[in-house]
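Heads up: the protein sequence lines correspond to chains Z and Y, in order.
Each number in the working numbering corresponds to the 1-based position in the first sequence with 3 added.
Each number in the working numbering corresponds to the 1-based position in the second sequence with 3 added.
Here's the structure, in structure tokens; my notes come after.
Protein chains: 2
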Amino acid sequence: MGYPAGPNSRAWGRVAMMSNDEQHRRPDARKPRGFPDRTAAVIAAERRLVDSISSVYQRWGFDALDTGPFEYVDALGKFLPDTDRPNSGVFALQDDDEQWIALRYDHTAPLARYVAENWERIPKPFRRYSAGPVWRNEKPGPFRFREFIQCDADSVGVAGPAADAEMIAIAAEAMQAAGAGQGEYVIRVNSRQILDGIMETAGVLDPAQRGTVLRALDKFDKFGVEGVTLLLGKGRKDESGDVTAGAGLAGSQIDVLVEFITSRSITRSETARKLANSVGMTRSGDSGVAELVEIDCILSALGIGDDAATFDPSIVRGLEYYTGPVFEAEFLREFRDAEGDPMRFGSVGGGGRYDGLVARFRGEPAPATGFSVGVSRLAAAMAASGEAQVEGPVLVLVLDKDQMADYSALASDLRRAGVRAEVYLGSSGMKAQVKYADRRNSPAVVIVGSNERTAGIVTIKDLKAGAAAAKGMTDNEAWRNERPGQFECPRSEMVARIKAIAGQP
Amino acid sequence: MGYPAGPNSRAWGRVAMMSNDEQHRRPDARKPRGFPDRTAAVIAAERRLVDSISSVYQRWGFDALDTGPFEYVDALGKFLPDTDRPNSGVFALQDDDEQWIALRYDHTAPLARYVAENWERIPKPFRRYSAGPVWRNEKPGPFRFREFIQCDADSVGVAGPAADAEMIAIAAEAMQAAGAGQGEYVIRVNSRQILDGIMETAGVLDPAQRGTVLRALDKFDKFGVEGVTLLLGKGRKDESGDVTAGAGLAGSQIDVLVEFITSRSITRSETARKLANSVGMTRSGDSGVAELVEIDCILSALGIGDDAATFDPSIVRGLEYYTGPVFEAEFLREFRDAEGDPMRFGSVGGGGRYDGLVARFRGEPAPATGFSVGVSRLAAAMAASGEAQVEGPVLVLVLDKDQMADYSALASDLRRAGVRAEVYLGSSGMKAQVKYADRRNSPAVVIVGSNERTAGIVTIKDLKAGAAAAKGMTDNEAWRNERPGQFECPRSEMVARIKAIAGQP
Chain Z
4 MGYPAGPNSR AWGRVAMMSN DEQHRRPDAR KPRGFPDRTA AVIAAERRLV DSISSVYQRW
64 GFDALDTGPF EYVDALGKFL PDTDRPNSGV FALQDDDEQW IALRYDHTAP LARYVAENWE
124 RIPKPFRRYS AGPVWRNEKP GPFRFREFIQ CDADSVGVAG PAADAEMIAI AAEAMQAAGA
184 GQGEYVIRVN SRQILDGIME TAGVLDPAQR GTVLRALDKF DKFGVEGVTL LLGKGRKDES
244 GDVTAGAGLA GSQIDVLVEF ITSRSITRSE TARKLANSVG MTRSGDSGVA ELVEIDCILS
304 ALGIGDDAAT FDPSIVRGLE YYTGPVFEAE FLREFRDAEG DPMRFGSVGG GGRYDGLVAR
364 FRGEPAPATG FSVGVSRLAA AMAASGEAQV EGPVLVLVLD KDQMADYSAL ASDLRRAGVR
424 AEVYLGSSGM KAQVKYADRR NSPAVVIVGS NERTAGIVTI KDLKAGAAAA KGMTDNEAWR
484 NERPGQFECP RSEMVARIKA IAGQP
Chain Y
4 MGYPAGPNSR AWGRVAMMSN DEQHRRPDAR KPRGFPDRTA AVIAAERRLV DSISSVYQRW
64 GFDALDTGPF EYVDALGKFL PDTDRPNSGV FALQDDDEQW IALRYDHTAP LARYVAENWE
124 RIPKPFRRYS AGPVWRNEKP GPFRFREFIQ CDADSVGVAG PAADAEMIAI AAEAMQAAGA
184 GQGEYVIRVN SRQILDGIME TAGVLDPAQR GTVLRALDKF DKFGVEGVTL LLGKGRKDES
244 GDVTAGAGLA GSQIDVLVEF ITSRSITRSE TARKLANSVG MTRSGDSGVA ELVEIDCILS
304 ALGIGDDAAT FDPSIVRGLE YYTGPVFEAE FLREFRDAEG DPMRFGSVGG GGRYDGLVAR
364 FRGEPAPATG FSVGVSRLAA AMAASGEAQV EGPVLVLVLD KDQMADYSAL ASDLRRAGVR
424 AEVYLGSSGM KAQVKYADRR NSPAVVIVGS NERTAGIVTI KDLKAGAAAA KGMTDNEAWR
484 NERPGQFECP RSEMVARIKA IAGQP
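Structure below.
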């Protein structure tokens, strides 16, 4: 149809032709790494998290906006921390007009494009939330996916620390909405301005070196004082022998920085006082500390205590676009994986001020701040630890194939009463049908053979009660005679009896 | 990091370097065609549709499964109707292991891969639903997107027409869940086997020609008898002068086919009788009609009348993988677009039997049937016609910047009571703040200046009442004095008064 074909579409054409030539060869049933198939429990956990966190954003006055999956690569920008990944960490392809497009790696870069594109038409401040997938072309691993859902809230056109305090309060509420009780989460707050101040104090002035220093400080949580000291100095070798180059600082410089990142106190006000002493003499540090003091004041007015939101000088945040207060949300509850081993969860979200992102497009400054929760890892952990169970449907067994209409009507009666129910549509006998119901985690099966039909009754087998009773029986013969959990009732009582079994009102 | 770079990543590397070199040039704030930014009303409509349709699938015993965005291109297969589109209609790129991957164009092809990959582990029949985006590299247009949400239900391992009848009943229920009342939707059912039968009767025996004939018949809804006659014969020229090649059938053959596709009667049973006469003498046709008779019987038992589900011999379905009963769901309600012009909606979903799709991988047959609703177009139409409105947040005005903690606490009181509320975080004066509230569609603003603070009261401005009252006033002076919709109350009554204005219990 006359569409210009880029290198991508030419290469695809070759693959497509090949598969036409060899179309009788069967494809392998396999899938690309890092995009796991997500089953019901994970999806239910994701949905619950997305809904509850979106409700928080909605209640705080943010409106939903979805900017779609693709952006032009120049509009997306390059702000990911792992710049040594292929394709700069994104999934990119050439559109049919030859321009390069890429799947969004977060919701913030596309928001900046949206705000710049619609600047004259949007209300300001502009408050939006977004809940949807982002894609990163990274090395996948356990609980490390190449697609994951992020739930973001952002305010654009807001300059003061009140907007940052609001984001931190929202982060705390989002953690609660995600199921974290008091003491099960903490928001750790720091400031890029304060980090600039301490780097100035330590005599780190070169912008490129500052980047290396920030990346080193960002590893404190992972490698501790010892690791960060190496990364700030000569470099660090990991267990595999790979070497990460160091920032090359002198011992006295490293001392200043390490003392700084370990200077957290129990209360926000005490930490702010200590920070004022260490960085207050620099302009950037002074301004950053003043912001933290104002943030503390608003958080206190909102009833957010020192246990829920703390000031932590070791927080850096990986993304390069932050310019002011930054923070991370940590889920402290201990999860257990499928093997029952404890999993520490760490940071599930974060955010901060990014005053330069919209200016990339517009030239003029547009101050902004935001927060993002990563939902997918958390949902996977909740599902793996058994927090999200899905109850199966009631199964209407099929004993007489010519009675499908009648079986269908029985299942329909149950559904109309709000009960999950299906008719068995496979081709197996009764025993296999009950086994199928067990595998589906069904609470009960409904059995209607010719006897029941004639008598106007149904037989109901309560699978949970049956399983519980069978456990206590050793004699197979007794089990057969007693048929635990199984009983008859008039058709007109079927719905009520099933609802009682399923625990539905 | 030593990842092999495909042609795609090399070319991206070039683009990335370019943007590094020219990083002071500002990117254009624009986005790729066919991926519109979706705002709150559209997202709300989508969410409502996805939730209500998923509930139907859930109630019928389907479990959620999401297979993720990417599949290997050979696993995805080539079943899209528009084979002349670039990249065969998909978005493809080369992964870092050099294999070609593509975004899914529907939920069915990935399901077939999943079932084949997990055959030994899944319960059979396998019943899953999926609600999420699919991507098509097509020419975008109004209400024609390159990303859209589909909600699918599928049963794998089910051979009989009872499973197809169930899908049709689910389709009817899904339409109701989407908001279609009685008479506002219809499910149109046909059978690929019957279409095979009528082609045999008409003497169309060549498989390639059968494909062309099916594509011609599929255009009946769009071009009517005249257009289809041309497409079955010598070909058809459209208004732009483009010619679609015809199937080259003789007049007598065309007569048989056209009579067939126009042979719908009011009732399913009457249509089945007529079809038995026209195609019943072929083996394929006979089997197809017998299935429709059984489907009719089950639909009747489920209380689904001839108005909700009809047999329509003109239904074909575009996708190539169907093998048995096929059907389309049509939304009959008339929508109006943003200009108030009527929009006819037509088919919003469809489905059918595809017994060969899993066998592509496994070799052995695995009968299957499914249904899919396209949610995005419908949501866009609902939003455009004003069916999905979003109420804005209550705005707490900021008159004294040093009282941010107090304003924040007021908004927090409202939110705790379930009211959407925000503090104004921009830098404008009071008049601009009220204007902002208007633009956000806020029901009310809360005003606390030094007078109110001293007196322990708040001033509330009911924006809806104010706007209504202002409409009736011509005298600007009167408006200023009366301040319609504005009143004072004690702080302790603020929440109750605001809830009354917002109509919340």
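For each residue, glycine too, the CB sits at the ideal point set by N, CA and C.
For clarity, every value in this text was computed on a predicted model and none was experimentally measured.
C-beta neighbour in chain Y for residue i, strict 8 Å
i                      : result
residue 300 of chain Z : yes
residue 330 of chain Z : no
residue 146 of chain Z : no
residue 425 of chain Z : yes
residue 439 of chain Z : yes
residue 158 of chain Z : yes
residue 347 of chain Z : no
residue 498 of chain Z : no
residue 30 of chain Z  : yes
residue 305 of chain Z : yes
residue 169 of chain Z : yes
residue 396 of chain Z : yes
Residues that DSSP places opposite residue i in a beta bridge
i                      : result
residue 448 of chain Y : Y:398 and Y:464
residue 257 of chain Y : Its beta-bridge partners do not exist; DSSP assigns none.
residue 158 of chain Y : Y:130 and Y:372
residue 424 of chain Z : Z:397
Neighbouring residues, chain Y, relative to residue i (Cβ below 8 Å)
i                     : result
residue 42 of chain Z : 66, 67 and 68
Reduced DSSP secondary structure (H/G/I, E/B, other) of residue i
i                      : result
residue 454 of chain Y : helix
residue 190 of chain Y : strand
residue 271 of chain Z : helix
residue 122 of chain Z : coil
residue 151 of chain Z : strand
residue 493 of chain Z : strand
residue 136 of chain Y : strand
residue 240 of chain Y : strand
residue 230 of chain Z : helix
residue 246 of chain Y : strand
residue 379 of chain Y : helix
residue 2 of chain Y   : The shown model of chain Y, from 4 to 508, leaves out residue 2 of chain Y, and the question about it has no answer.
residue 66 of chain Z  : strand
residue 144 of chain Z : strand
residue 436 of chain Y : helix
CB contact below 8 Å: residue i versus chain Z
i                      : result
residue 316 of chain Y : no
residue 126 of chain Y : yes
residue 11 of chain Y  : Its pLDDT being 34, under 50, residue 11 of chain Y is placed unreliably in this model, and the coordinates cannot settle the point.
residue 450 of chain Y : no
residue 24 of chain Y  : At residue 24 of chain Y, the pLDDT of 41 sits below 50, so the modelled position is not reliable and the matter cannot be decided from this model.
residue 407 of chain Y : yes
residue 200 of chain Y : no
residue 194 of chain Y : no
residue 415 of chain Y : yes
Contacts of residue i in chain Z (Cβ-Cβ under 9 Å)
i                      : result
residue 33 of chain Y  : 75, 78, 116 and 120
residue 162 of chain Y : 428, 429 and 430
Residue i: contacting residues in chain Z (beta-carbon distance under 7 Å)
i                      : result
residue 104 of chain Y : 35
residue 46 of chain Y  : 67 and 69
Residues that residue i contacts on chain Z, provided the C-beta gap is smaller than 8 Å
i                      : result
residue 165 of chain Y : 407, 411, 426 and 428
residue 469 of chain Y : The premise fails here: residue 469 of chain Y is roughly 18 Å from chain Z at the closest Cβ pair, so nothing lies under 8 Å.
Proximal residues of chain Y, C-beta to C-beta of residue i below 7 Å
i                      : result
residue 150 of chain Z : 71 and 72
residue 38 of chain Z  : 71, 72 and 73
residue 576 of chain Z : Outside the displayed range of chain Z (4 to 508) lies residue 576 of chain Z, so it cannot be described from this structure.
C-beta neighbour in chain A for residue i, strict 8 Å
i                      : result
residue 281 of chain Z : You won't find chain A in this structure, because its protein chains are Z and Y.
Unbroken beta strand (DSSP E) runs of length 3 or more, entirely within the stretch 68 to 115 of chain Y: which are they? For the stretch 68 to 115 of chain Y, whole beta strand (DSSP E) runs of length 3 or above, ordered along the chain, are 73 to 75, 95 to 97 and 103 to 106.
Residue ranges of each alpha helix (DSSP H) within the stretch 271 to 358 of chain Z, 4 or longer: Within the stretch 271 to 358 of chain Z, the complete alpha helix (DSSP H) runs of at least 4 residues fall at 271 to 282 and 286 to 304.
What are the complete beta strand (DSSP E) segments, minimum 3 residues, inside the stretch 29 to 58 of chain Z? DSSP runs (the beta strand (DSSP E)) wholly in the stretch 29 to 58 of chain Z: none.
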